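Working notes, beginning with the structure itself.
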Amino acid sequence: MAEQLSGDLRLVGLTKSFEQFTAVQPTDLTISQGSFFALLGPSGCGKTTTLRMIAGLEDPSGGQILIGDKDITSTKAYQRNVNTVFQSYALFPHMTVLDNVAFGLKRRGDKDAKRKAEEALELVQLAEVGRKKPVQLSGGMQQRVALARAIVNRPDVLLLDEPLGALDLKLRRQMQIELKRIQSEVGITFVHVTHDQEEAMTMADTIAVMNGGRIEQLGDPATLYESPRSTFVANFLGQSNLLRATVTGEPGSDGTVVVRSHDTDLEVSRAHLPDGIREIFLGMRPEKLRLGTGGGPNQLKGTVSDVSFTGVATQYLVRMPWGRELTVVQQNDGSARAVVGENVTISWAAEHGFALDAHQDADAGVDTED
Amino acid sequence: MASVTGTAPALSTGASAPPERRRSNWVPYALLLPGLLWLFVFFVVPMITLFSQSLQEGSIDEGYTFTGNVGIYAEALQSYFPQLLRSIGYAASATVLALLLGYPLAYFMALKAGRWKNVLLVLVIAPFFTSFLIRTLAWQTILSDVGPVTSFARSIGLTNLLQAVGLTSNDNLMASKFAVICGLTYNFLPFMILPLYASLERLDPRLVEAAGDLYASPAQGFRFVTWPLSLPGVVAGTLLTFIPAAGDFINSKLLGNTQTVMIGQVIDAQFLRVLNYPLAAALSFVLLVLILALVMAYVRKAGTEELV
Numbered sequence: 001m002a003e004q005l006s007g008d009l010r011l012v013g014l015t016k017s018f019e020q021f022t023a024v025q026p027t028d029l030t031i032s033q034g035s036f037f038a039l040l041g042p043s044g045c046g047k048t049t050t051l052r053m054i055a056g057l058e059d060p061s062g063g064q065i066l067i068g069d070k071d072i073t074s075t076k077a078y079q080r081n082v083n084t085v086f087q088s089y090a091l092f093p094h095m096t097v098l099d100n101v102a103f104g105l106k107r108r109g110d111k112d113a114k115r116k117a118e119e120a121l122e123l124v125q126l127a128e129v130g131r132k133k134p135v136q137l138s139g140g141m142q143q144r145v146a147l148a149r150a151i152v153n154r155p156d157v158l159l160l161d162e163p164l165g166a167l168d169l170k171l172r173r174q175m176q177i178e179l180k181r182i183q184s185e186v187g188i189t190f191v192h193v194t195h196d197q198e199e200a201m202t203m204a205d206t207i208a209v210m211n212g213g214r215i216e217q218l219g220d221p222a223t224l225y226e227s228p229r230s231t232f233v234a235n236f237l238g239q240s241n242l243l244r245a246t247v248t249g250e251p252g253s254d255g256t257v258v259v260r261s262h263d264t265d266l267e268v269s270r271a272h273l274p275d276g277i278r279e280i281f282l283g284m285r286p287e288k289l290r291l292g293t294g295g296g297p298n299q300l301k302g303t304v305s306d307v308s309f310t311g312v313a314t315q316y317l318v319r320m321p322w323g324r325e326l327t328v329v330q331q332n333d334g335s336a337r338a339v340v341g342e343n344v345t346i347s348w349a350a351e352h353g354f355a356l357d358a359h360q361d362a363d364a365g366v367d368t369e370d
Numbered sequence: 371m372a373s374v375t376g377t378a379p380a381l382s383t384g385a386s387a388p389p390e391r392r393r394s395n396w397v398p399y400a401l402l403l404p405g406l407l408w409l410f411v412f413f414v415v416p417m418i419t420l421f422s423q424s425l426q427e428g429s430i431d432e433g434y435t436f437t438g439n440v441g442i443y444a445e446a447l448q449s450y451f452p453q454l455l456r457s458i459g460y461a462a463s464a465t466v467l468a469l470l471l472g473y474p475l476a477y478f479m480a481l482k483a484g485r486w487k488n489v490l491l492v493l494v495i496a497p498f499f500t501s502f503l504i505r506t507l508a509w510q511t512i513l514s515d516v517g518p519v520t521s522f523a524r525s526i527g528l529t530n531l532l533q534a535v536g537l538t539s540n541d542n543l544m545a546s547k548f549a550v551i552c553g554l555t556y557n558f559l560p561f562m563i564l565p566l567y568a569s570l571e572r573l574d575p576r577l578v579e580a581a582g583d584l585y586a587s588p589a590q591g592f593r594f595v596t597w598p599l600s601l602p603g604v605v606a607g608t609l610l611t612f613i614p615a616a617g618d619f620i621n622s623k624l625l626g627n628t629q630t631v632m633i634g635q636v637i638d639a640q641f642l643r644v645l646n647y648p649l650a651a652a653l654s655f656v657l658l659v660l661i662l663a664l665v666m667a668y669v670r671k672a673g674t675e676e677l678v
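Put into C-alpha cells, the structure is as follows:
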C-alpha cells in the first residue's frame with residue numbers, strides 16, 4: 001500500500017469542559033503513525049469526547065491536536081484528513097452502499113471514486129452488495145460498510161467509536177480479527193474507543209486506560225495487565241485479588257521485598273513495588289495463583305467456598321481466615337479439582353505479584369464495564 | 371351460527387389457532403368500514419351527482435334533465451382557461467414562497483430550537499384559532515393603501531419594483547396579484563411547515579455529522595444528506611399547500627381585483643350567483659382532473675417511493 005507519511009497524532013494539553021464538569025482533563029498523548037491504539041474506559045470517562053475532538057466534531061476547551069507537524073485544532077471536521085466509524089454506523093439511508101462508500105471521495109473530487117469504492121467494498125468482503133440500500137443489510141454488514149466508507153479515503157487517522165458495540169458476541173470476535181487484518185493491510189493509524197477490555201487487548205498495540213476524564217495508564221496490553229499502576233486499571237483490565245499489606249523489609253539480594261499482610265509475611269518483586277510507599281495493596285491475578293504449596297514463600301491458607309467449572313478452567317473462591325475471598329483460576333490441565341469446604345493453600349511466585357499505593361479505592365474499576 | 375360456535379371457545383381459551391386467524395382477517399376491514407362509509411356518502415355520491423349535474427341541461431326554475439351534454443366541458447375550458455391557468459400559477463408561486471419561508475423555519479424548529487421547539491410549534495398552529503376568512507380580511511388591513519406596510523414598501527421602492535414586474539398595477543399593494551399570492555402563502559404556510567418539521571425532526575443529526583466527517587462542507591452536507599432526507603416532507607408540504615391553494619376562492623376575492631380572478635372564484639359565482647349549475651359542475655371537474663394530473667406527474671418525478 002502506498003502511504004504518504006503523515007506522522008504521529010499528538011494531543012497536547014487537550015481538554016474539554018462542559019458547563020458543570022470537565023469531560024476531559026488536560027491530556028498529552030502521542031499515537032504513533034500506523035499503530036492500532038485503543039482508548040479504553042467505562043462510559044463517561046471522556047474517551048468518546050476525546051475521539052470527537054480528534055474528529056473535529058467537538059471543539060476543545062484548550063490544548064492542541066497535531067498530525068505530524070500540522071496543527072489541526074482549529075480546522076473543521078470536513079477539512080481534516082480524519083475519518084470516523086460511528087457507533088451507530090450513520091450510513092446514509094437514501095444512498096446505495098456504493099454511493100455511501102464513494103461519498104467522501106466524491107466530496108474531494110476524486111475522479112476514480114467509483115472504482116476505489118468498489119475496491120474498498122472488496123476489502124471488507126462486501127463487493128456484491130454495492131447496489132443495495134443500507135437497510136437491506138445485516139448489522140455486521142452495515143458495520144463493514146461504515147468501515148469501508150471511512151478507510152476508502154485513506155485518512156491519516158481512522159477513528160472507531162465503539163464500532164462493535166451493536167454486534168452480538170460471535171460476530172464481534174469475528175470483526176475484531178477482521179479489523180486487525182484490515183488495519184495491518186492498509187497501515188492507517190487506528191484510534192479505537194471501547195469499554196470492552198478484552199476487545200481493546202485483542203486488537204490494540206497500545207492502550208490508554210481512561211477514567212474520570214484522564215488517562216490512568218498507557219502501555220501495551222501485556223504491561224497494563226501484568227503491571228497495573230492503579231487499582232482502577234487492576235480491576236478494569238481483567239480481575240485482581242488485592243490484599244492490604246505493609247512493607248516491612250528492605251530489598252533482599254534476590255530482588256524481592258518482604259511485606260506483611262494479615263500476620264503473614266509475603267514477598268513481592270522489587271520491580272513491582274513503587275518507590276517510597278509503605279502501605280500497599282498487594283495484587284495477584286487469579287490465574288497466577290496456584291492451589292497447593294508450590295514451595296515458594298508466598299502461601300496463604302483458606303477454605304474453598306465456591307467452585308465453578310468453565311471448561312478450559314476452573315474458578316475457585318477461597319475464603320481467607322479474615323473473611324475475604326480470593327479468586328483462583330486453575331487451568332484444566334488434568335490436575336485434581338478441589339471441592340467446596342476443602343482447606344487449601346494458595347501460592348504464587350513473588351514476581352507475579354504487583355504492589356499499588358493503598359491510598360486509593362480498592363474497588364475502583366470493579367463492575368464498571370458497562 | 372357455525373362461525374359463532376367456532377370462535378367462542380377460541381376467545382375463552384385463546385389456544386386454537388385457526389379461529390384466531392379468522393378473527394384477525396375481518397378486524398382490519400371492520401375498522402375501515404366507518405371511514406369507507408363516510409367517504410362513500412360524502413365523497414363518492416356527491417362526485418357522481420356533480421358529474422351527472424355537469425351533463426344536464428335546464429335551469430334552476432324549470433329543473434334539469436340529463437342530456438349527456440359533453441360540450442359543456444369544451445365551453446368551460448374555452449371560457450375560463452385564463453382563470454384556470456392563473457389559479458395554477460398563483461398556487462405554484464404561493465407553494466414555492468411557502469417552501470422558501472417554511473423550510474428554514476422548520477429546520478430551525480426541528481434541529482436548533484431545543485426547549486423552544488414546542489412554543490414555536492404552537493405559534494405555527496396559532497393562526498388556526500382564528501377563522502380563515504378573518505385572517506384573510508386582516509390582510510386587507512395590513513396591506514391597505516394608507517397603512518404603514520404600504521408606505522414602508524413605497525419608501526424602499528418595493529412598490530415600484532412590484533409594479534415593474536407586473537405583480538401590482540399601481541403604487542398600492544392591495545387588490546393585486548401580489549396581495550393574492552401573499553394571502554395564499556400566508557394561509558397555507560402551516561401546511562407546509564408541519565410536514566417539513568416532521569421529516570426534519572426525524573432526521574438523525576449523526577448523519578449530518580457523518581457527512582461533515584466525510585469532507586462535505588455544511589452546504590454539501592445539506593445538499594447531499596439533509597435535503598434528500600427531508601424530501602418526503604417537501605413533497606407532502608407542497609401538495610398540502612398547492613392543492614387547496616389552486617382551488618381557493620377567498621384570497622382572490624378579498625385581496626385581488628377583476629384581473630386576478632381564480633377558478634375557485636368562478637365556480638363559486640357560477641354555483642351561487644349565476645346559478646349555472648352544469649357549467650359550475652364541469653369547471654369543478656376540470657379543476658379536479660387538472661390537479662390530479664399535476665400531482666401525479668409531480669409525485670412520480672419526486673420518486674417518493676424511493677425515499678425512506
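Line order of the protein sequences matches chains A and B. Residues 1 to 370 in our numbering are what the first sequence spells out, letter by letter. Residues 371 to 678 in our numbering are what the second sequence spells out, letter by letter. Where is the CB? At the ideal position from N, CA and C, for every residue including glycine. Small disclaimer: the values here were computed from a predicted structure and weren't measured.
query = So which of A/T75, A/L57, A/I151 has the shortest CA-CA distance to A/N100?
reply = Counting from one through the first sequence, the residue named residue 100 of chain A turns up at place 100. The candidate whose alpha carbon is nearest that of A/N100 is A/I151.
ask   = Taking Cβ positions, are A/A208 and A/L29 nearer each other than 8 angstroms?
value = Walking along the first sequence from the start, residue 208 of chain A turns up at place 208. Walking along the first sequence from the start, residue 29 of chain A turns up at place 29. Yes. Within cutoff.
Three-state secondary structure (DSSP) of A/W348 = Here residue 348 of chain A is taken as the residue at index 348 of the first sequence, counted from 1. Three-state DSSP puts A/W348 in a strand.
request  = Taking A/L57 as the query, report the chain B residues whose CB atoms sit under 8 angstroms from its CB, ordered along the chain.
outcome  = Taking the first sequence and counting its residues from 1, one reaches residue 57 of chain A at position 57. Those are E579, G582, D583, listed as they occur along chain B.
key: 7 angstroms Cβ cut-off: residues of chain A touching B/R576   = The sequence position of residue 576 of chain B within the second sequence is 206, counting from 1. Chain A residues near B/R576: F86, S88, A90.
query = Would the beta-carbon of B/G472 fall within 8 angstroms of that of B/M562?
reply = Position 102 of the second sequence, counting from 1, holds the residue named residue 472 of chain B. Position 192 of the second sequence, counting from 1, holds the residue named residue 562 of chain B. Yes, the Cβ-Cβ distance between B/G472 and B/M562 is below 8 angstroms.
query = Can you give, in chain order, each stretch of the alpha helix (DSSP H) that sits fully within the segment 220-252 of chain A and has at least 4 residues?
reply = 221-226, 231-236
ask   = B/M544 and B/L625: beta carbons closer than 8 angstroms?
value = Indexing the second sequence from 1 puts residue 544 of chain B at position 174. Indexing the second sequence from 1 puts residue 625 of chain B at position 255. Yes.
task = Anything in the segment 584-617 of chain B with a Cβ closer than 9 angstroms to a Cβ of chain A? List those residues in chain order, please.
result = Against chain A - using a Cβ distance shorter than 9 angstroms - the residues of the segment 584-617 of chain B are L584, Y585, A586, S587, P588, Q590, G591, F594, V595, P598, L599, L601.
ask   = Using CA coordinates, which residue listed in A/N343, A/H359, A/F36, A/E351 is at the minimum distance from A/V186?
value = Numbered from 1 along the first sequence, position 186 holds the residue referred to as residue 186 of chain A. Nearest C-alpha to A/V186: A/F36.
key: Whole-angstrom C-beta distance between A/V304 and A/G341, which should lie under 8 angstroms   = Taking the first residue of the first sequence as position 1, residue 341 of chain A is located at position 341. Taking the first residue of the first sequence as position 1, residue 304 of chain A is located at position 304. Indeed, because the Cβ distance is near 6 angstroms, the residues count as touching under 8 angstroms.
key: Span of the alpha helix (DSSP H), counted from its first residue to its last, around A/V312   = For the purposes of this step, residue 312 of chain A is identified with residue 312 of the first sequence, where counting begins at 1. From DSSP, A/V312 is part of no alpha helix (DSSP H); its letter is neither H nor E.
query = Nearest-angstrom Cα distance between B/V669 and B/V605?
reply = Here the question's residue 669 of chain B lines up with position 299 in the second sequence. Here the question's residue 605 of chain B lines up with position 235 in the second sequence. B/V669 and B/V605: Cα-Cα distance of roughly 7 angstroms.
ask   = With C-beta atoms as the reference, is B/L570 less than 8 angstroms away from B/A476?
value = Within the second sequence, numbered from 1, the residue matching residue 570 of chain B stands at position 200. Within the second sequence, numbered from 1, the residue matching residue 476 of chain B stands at position 106. A contact, by the Cβ cut-off of 8 angstroms.
query = For A/E267, does the count of other Cβ atoms within 10 angstroms reach 16, so buried, or fall short, so exposed?
reply = Position 267 of the first sequence, counting from 1, holds the residue named residue 267 of chain A. Burial state of A/E267 is buried, judged by a 10 Å Cβ sphere holding 16 or more other Cβ atoms.
task = Specify the secondary structure class of B/I458 as computed by DSSP and reduced to three states.
result = Counted from its first residue, the second sequence places residue 458 of chain B at position 88. In the structure shown, B/I458 sits in a helix (DSSP, three-state: H, G or I).
request  = Whole angstroms is fine: what's the gap from B/Y647's alpha carbon to B/G536's?
outcome  = Taking the first residue of the second sequence as 1, we reach residue 647 of chain B at position 277. Taking the first residue of the second sequence as 1, we reach residue 536 of chain B at position 166. Straight-line Cα distance between these residues: approximately 34 angstroms.
task = Consider the Cβ of A/A113: report whether some Cβ of chain B lies at a distance smaller than 8 angstroms.
result = Position 113 of the first sequence, counting from 1, holds the residue named residue 113 of chain A. Taking Cβ atoms only, chain B never reaches closer than 8 angstroms to A/A113, which makes this a no.
query = Can a CB atom of chain B be found closer than 8 angstroms to the CB of A/G374?
reply = Nothing can be reported for residue 374 of chain A: it is not among the residues displayed for chain A, which extend from 1 to 370.
Where A/R10 falls: helix, strand or coil (DSSP) = For this step, residue 10 of chain A is matched to residue 10 along the first sequence. Under the three-state reduction of DSSP output, A/R10 falls in the strand class.
ask   = Relative to the alpha-carbon of A/A355, which residue among A/D265, A/L291, A/S308, A/S227 has its alpha-carbon at the smallest distance?
value = Indexing the first sequence from 1 puts residue 355 of chain A at position 355. Ranking A/D265, A/L291, A/S308, A/S227 by Cα distance to A/A355 puts A/S227 first.
query = Is the segment 564-580 of chain B touching the segment 611-624 of chain B in the sense that three or more CB pairs, one from each, lie closer than 8 angstroms?
reply = No, the segment 611-624 of chain B does not touch the segment 564-580 of chain B.
task = Report the option in A/F103, A/T345, A/T22, A/P134 whose CA atom is closest to the CA atom of A/S61.
result = Sequence index remark: in the first sequence, residue 61 of chain A carries index 61 (1-based). Per the Cα distances, A/T22.
ask   = Which value, in whole angstroms, describes the spacing of the CA atoms of A/R80 and A/Q33?
value = Sequence index remark: in the first sequence, residue 80 of chain A carries index 80 (1-based). Sequence index remark: in the first sequence, residue 33 of chain A carries index 33 (1-based). Straight-line Cα distance between these residues: approximately 16 angstroms.
message = For a minimum of 4 consecutive residues, which ranges assigned as the alpha helix (DSSP H) are wholly contained in the segment 92-119 of chain A?
response = Counting only runs of 4 or more residues that sit fully inside the segment 92-119 of chain A, the alpha helix (DSSP H) segments are 97-107, in chain order.
query = Candidates A/L14, A/L164, A/S184: which alpha carbon is nearest A/M175's?
reply = The residue you call residue 175 of chain A lines up with position 175 of the first sequence. When each option's Cα is compared against that of A/M175, the closest is A/L164.
Pick from B/E445, B/G617, B/L559 that is closest to B/R505, judged by C-alpha positions = Taking the second sequence and counting its residues from 1, one reaches residue 505 of chain B at position 135. The option with the nearest alpha carbon to B/R505 is B/L559.
query = What's the gap between the Cα of A/F281 and the Cα of A/T231?
reply = As a first step, residue 281 of chain A must be located in the first sequence, where it is residue number 281. As a first step, residue 231 of chain A must be located in the first sequence, where it is residue number 231. Between A/F281 and A/T231, the C-alpha separation is close to 8 angstroms.
task = Let me know if A/E279 comes out buried or exposed under the rule of 16 or more other beta-carbons within 10 Å of its beta-carbon.
result = As a working mapping, residue 279 of chain A is identified with position 279 in the first sequence. With fewer than 16 other Cβ atoms within 10 Å, it is exposed.
query = CA-CA distance, B/G582 and A/V24?
reply = Here residue 582 of chain B refers to the residue found at position 212 of the second sequence. Here residue 24 of chain A refers to the residue found at position 24 of the first sequence. A/V24 has its alpha-carbon roughly 23 angstroms from the corresponding atom of B/G582.
task = State whether the segment 627-647 of chain B contacts the segment 448-461 of chain B, with contact taken as three or more CB pairs (one from each stretch) at a distance under 8 angstroms.
result = yes
inquiry  = Assess contact between the segment 146-162 of chain A and the segment 77-91 of chain A, defined as three or more Cβ pairs (one per stretch) separated by less than 8 angstroms. Is contact present?
reply    = yes
message = Quick check on A/W322: buried or exposed, where buried means 16 or more other Cβ atoms within 10 Å of its Cβ?
response = What you label residue 322 of chain A is simply residue 322 of the first sequence in a count that begins at 1. By the 10 Å Cβ count, A/W322 comes out exposed.
message = Any beta carbon from chain B within less than 8 angstroms of A/A77's own beta carbon?
response = By 1-based counting over the first sequence, the position of residue 77 of chain A is 77. Yes, A/A77 counts as interfacial toward chain B.
key: Identity of the residue in A/R270, A/T327, A/R131 nearest A/E287 by Cα   = As a position in the first sequence, residue 287 of chain A is number 287, starting the count at 1. When only C-alpha atoms are compared, the closest one is A/T327.
ask   = From this set, B/T538, B/P588, B/A462, B/E432, which residue's C-alpha is nearest B/R607's C-alpha?
value = Here residue 607 of chain B refers to the residue found at position 237 of the second sequence. Rather than Arg, the amino acid found at residue 607 of chain B in this sequence is Gly. It is B/A462.
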